[in-house]
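To start, the structure under review is shown below, and the notes come after it.
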Amino acid sequence: MPQPVNAELGQISELLMLLASIAYVVALIFFVLDLVRSSTTIGTIESRLASQQGAPERALAGVGARGGAVAAGSTPPARATADDSMDYGAGPRRGTARIAVSLTILAAVIHGAAVVSRGVAANRVPWGNMYEFCTTGAFLVAAIFLITLTRKDLRFVGSFVVGLVVIMLCAATVGFPTPVARLIPALQSYWLIVHVSIAVASSALFTITFAMSVLQLLQTSREAKLLAGKVDTAKFLRLVPSALSLENLSYRLNAIAFVGWTFTLMAGAIWAEQAWGRYWGWDTKEVWTFVIWTVYAGYLHARATRGWTGTRAAWLSIVGYLCIVFNFTIVNIYFSGLHSYSGV
Amino acid sequence: MKQDISEDTGSTAGSRRSDVVLPSLGFLGTLRWAWTQLTSMRTALFLLLFLAVAAVPGSLFPQRPANPAVVTQYIQNNPDTGPVLDWFQLFDVYSSVWFSAIYLLLFISLIGCVVPRARAHFRAVRSTPPRTPRRLSRLPVYGTLEVPAHRVRAAGLTPSSAAEEAAALLKKRGYRVDVRDAGTDRPSVGAERGLAKEFGNLVFHTSLIGVLVSVAVGGLFGYNGQKVIVEGDSFVNTLIGYDSFNPGSNFSDDRLDPFSIRLDSFDVRFDREQTSHYGQPLDFTANITTQEGPGADEEPQVLKVNAPVTIGGTNVYLVGNGYAPVVTVRDGEGNIASEGPVVSVPSDGLYTSLIVIKAPDAKPDQLGFVGFFLPTAFVDEEGVSFSRDPDPFNPQLNLNSYYGDLGLDDGTPENVYVLDTENLTELNSRTNDDGGIVLGVGQTYDLPEGKGSVTFDGLKRYVALDIHHDPGEVGALVFSTLALVGLTASLFIGRRRLWVRTGEHPDGRIMLEYGLLARGEDHRLPAEGTAVEKLLADRWLAPEGAAEEDTLQEAGTSAAGTGNSHHTTKDN
Ligand code: HEM
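Going down the list, the sequences are from chains A and B.
Reading the first sequence from the start, the letters are residues 2 to 345 in this note's numbering.
Reading the second sequence from the start, the letters are residues 670 to 1241 in this note's numbering.
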């Protein structure tokens, strides 16, 4: 039997959510500042190196070489550019980025408190309507990003990831504001906990790989330009590792997220069997979950198909993510179906 | 390719052969060419993407299996485009020719892909690890290790015994090992690990076939039906007992287990605490009594949303509920023409419900009523009644009445929830002089012109049940679980090959070189190289105190620090 809800705590949660959003926005500003500043710093270092060596092409060529495989043992030409291993330590200290990360941590802590208090206020897991999917999902995006940061220097995607978090929080508070409430009977199932949490976590991972795939495409075209000897128009991409390393890392994350999505699909089917008596019925939400699954299965195949790695695989990863966004927004709001619990 | 079709990713047999093969192959040749094309990785990729695209229209247009009435309505509302869309089977996407074609081709491709790979894998499992490449230094991860001469002497090591020992260490680490050229001056170890990766991949793809077959079994031999039961009433699982019934294509009625269900009571709880969600449902509980067959024991059970009741191999689900006002209709001659609960259809969260009452037995004229049932009736400023709450605080019937021929006698299937008023004469309506009928519980209204009367006797609730039997369900669950396990193994197990070659320097040092190669994506390969190096170094190079100095001297070529080993990783 559901417990009563605590509306007061619910309001505190909303306040915390607001505070977290503000902290994210400030963090975002610092991440962007970092991109701008670091690329100027790198520019300076490069031109100094170039004048020291009297060979202006060298620095450029070095950057270009990142497109291909970096031969074993060769030292990175301009140490200031992002390291392909994405380990910390290469390049100058980036004070601004440090501030940005600290702010993100602060924001995430407040955000976490907001999510938890929402759950406590409602006496259940905080993912029962669109507002909660968005806020909990955004928290997972931030948390996964921060966890990855402890192992790899992914600060270069910081502005994208934190930007997406801000968008998700805005969507939640502006688009789908919902006061705390209990669950309607259709949602009263432990499958809600299992199915939705994995779905949200996988989507959070897909969010990060989406950002990386976009960067990968930008980096690919920049690398081609540099190889052709053209001017570097997207200087901030110096902070970003080569397209190839981006592709490899996003493949690893996508693989994890794909297993999660497969599980989401299965758990959803099991739940559907319990709730509606059939495990699969091509309900709109089921259709889109299937479409997303198939697109990412295509992505994994593409990675093993000659001629389909690199740019095309990145596009598939992007299309897959767009389907996720579509599934979450348009399908939830405008399409009728059995899954109409969006709470909007 | 001899060993394993997926040898190097991306060049399956198909894509490689198709580059060389030209037409003029004759009939068999063309067939074979088509087969290799179909089973190529690129085709699989395209078919997967086609499948994704083809599934989309099913979410844009109403689908017959889910909503036949909506489809009919859609075609009526769009007389121009409707039939065209219908011709393209856009209202039956998932059973359409084109959708089926895509997934059948995909699964044929899948079988054509899995069978040769399974065979190759079977051979790979039974064969020894592949032969040692001539130049290990070309491998993506490569390293060397030197055992200084005095240690070689102390341990009585030879190149062959070093190889044997390395093999034993690797075996402990989970590698399959094979020592070759023992006794020569360049013996080596071939080792391999992670065959479960390919196995997982095969299990995954094969299980997908299993899922498809299970779905097909359910579609052939299963059935589902819908039934509305009012409190106090029973349902017996026979064809005539159902309100609607969808048999699988190979269904026969002896598949219906003869169980029965009685609805004893139905409890509903709405949220009464929160203003923002006031009246939102919190709990639906149906107390039912089931019987496995005639004469079997009666068993009281609780049926809830998300918690079906299973009777034998059949599941019963609570999918809907509403109010059934108990109404008595008397005809112009004073006889009871109809009596009992009438199921009303809720149209919103406040249970404003549509109700249709038909009294075909009324004489001299048949009677019909259409209107609303309102659980908590209120009247707004304009005099329109509406419901303010889902609970029955002020239950009220608002009806229009008709007399004439209800059109039930000509044998066409009727919809109990619709009254066709075309051939009827209106008696009561909000817009005519007699006005609409408004009834509270216990009240009776006498119809104009002495046509009879209608009484609102009381209120009951009803539940809408879905009753399903799907013999493929368990298979689908088992195979999809297998698929998930296989997928995980396939994606996260690293399949690696490793070779160690040993040799002796004229000065008595023993050299070991090793190289690692991953099959497919494996970002942990360098780490594995480091681990293996440590394993070997621990065996022969553990610190032993004072004697170290001249060792370092002797091993002048090696890098300082770790002592006598050197390790490189190629980025690729
Ligand atoms: C129902 C259709 C299919 C689905 C949903 C599907 C899905 C997948 C997924 C998710 C993976 C990545 C996981 C892994 O590496 O094991 C994969 C890998 C693979 N699939 Fe499929 N597949 C399908 C059909 C096919 C077909 C028809 C072929 C043969 C042409 C095929 C050949 C392969 C191969 C060779 C791999 C391993 C790729 C690698 O080495 O990374 N698949 N498949």
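Ideal Cβ positions, reconstructed from N, Cα and C, are used throughout, including at glycine.
This structure is a prediction, so every number in the text was calculated from the model and none was measured.
Beta-ladder partner(s) of residue 1041 of chain B, from DSSP: B:1023 and B:1067
Residue 726 of chain B: first and last residue of the uninterrupted alpha helix (DSSP H) it sits in: 726–729
Residue closest to residue 714 of chain B, alpha-carbon to alpha-carbon, out of A:304, A:320 and A:330: A:304
Cβ-based burial, residue 918 of chain B [other Cβ within 10 Å; buried from 16]: exposed
Assumed close pair residue 897 of chain B, residue 1131 of chain B - CB separation to whole angstroms, cut-off 8 Å: 6 Å
Option nearest residue 213 of chain A by Cα separation, candidates A:283, A:329 and A:317: A:317
Cβ-heavy atom distance, residue 1138 of chain B to the ligand HEM, below 7 Å: no
Cβ-based contacts, 8 Å cut-off: residues of the segment 930–961 of chain B near chain A: 940, 942, 943, 945, 946, 949, 950, 951, 952 and 953
Check whether residue 775 of chain B and residue 720 of chain B have beta carbons under 8 Å apart: yes
is_contact[residue 18 of chain A, chain B] using C-beta, thresh 8 Å: no
DSSP bridge partner residues for residue 1143 of chain B (one or two, in chain order): Paired residue(s): none; residue 1143 of chain B is not in a bridge.
Minimum C-alpha distance to residue 18 of chain A - residue among A:153, A:135, A:272 and A:32: A:135
Neighbour-count burial assignment, residue 1176 of chain B, 16 or more Cβ in a 10 Å radius: exposed
Sequence-distant residues of its chain with Cβ nearer than 7 Å to residue 778 of chain B (five each side left out): 707, 708, 712, 713 and 716
Reference residue 1039 of chain B; option with closest CA among B:976, B:1089, B:1054 and B:1133: B:1089
Cβ neighbour criterion (16 or more within 10 Å) applied to residue 745 of chain B: exposed
Cβ-based burial, residue 1138 of chain B [other Cβ within 10 Å; buried from 16]: buried
Residues of the segment 184–199 of chain A whose Cβ lies closer than 7 Å to any Cβ of chain B, in chain order: 185, 186, 187, 189 and 190
Exposure of residue 16 of chain A, with buried meaning 16 or more beta-carbon neighbours within 10 Å: exposed
Residue interval of the beta strand (DSSP E) (run including residue 1007 of chain B): 1005–1010
Start-to-end residues for the beta strand (DSSP E) that takes in residue 1167 of chain B: 1164–1173
The segment 244–271 of chain A: positions lying closer than 9 Å to chain B by Cβ: 245, 246, 249, 250, 252, 253, 256, 257, 259, 260, 263, 264, 266, 267, 270 and 271
CB contact flag (residue 931 of chain B, residue 903 of chain B, <8 Å): yes
Buried or exposed (CB count within 10 angstroms, at least 16 for buried), residue 894 of chain B: buried
Span of the beta strand (DSSP E), counted from its first residue to its last, around residue 1048 of chain B: 1046–1048
Distance, residue 1076 of chain B Cα to residue 1029 of chain B Cα: 9 Å
Alpha carbon of residue 35 of chain A to alpha carbon of residue 1178 of chain B, nearest angstrom: 53 Å
Completely contained beta strand (DSSP E) runs for the segment 882–960 of chain B, where each covers 3 or more residues: 892–899, 903–905, 913–916, 929–939 and 950–960
Chain-ordered residues of the segment 711–723 of chain B with a beta carbon less than 7 Å from chain A: 711, 713, 714, 717, 718, 720 and 721
Any non-hydrogen atom of the ligand HEM closer than 7 Å to residue 870 of chain B Cβ: yes
Straight-line Cα distance separating residue 321 of chain A from residue 290 of chain A: 10 Å
Residue 798 of chain B to residue 863 of chain B span [Cα, whole Å]: 12 Å
Delimiting residues of the alpha helix (DSSP H) encompassing residue 788 of chain B: 766–795
DSSP three-state assignment for residue 1124 of chain B, whether helix, strand or coil: strand
Cβ separation of residue 1127 of chain B and residue 879 of chain B, assumed to be a contact under 8 Å, to the nearest whole Å: So it is not a contact: roughly 53 Å between Cβ atoms.
Residue 1106 of chain B versus residue 1035 of chain B: straight-line alpha-carbon distance, rounded: 18 Å
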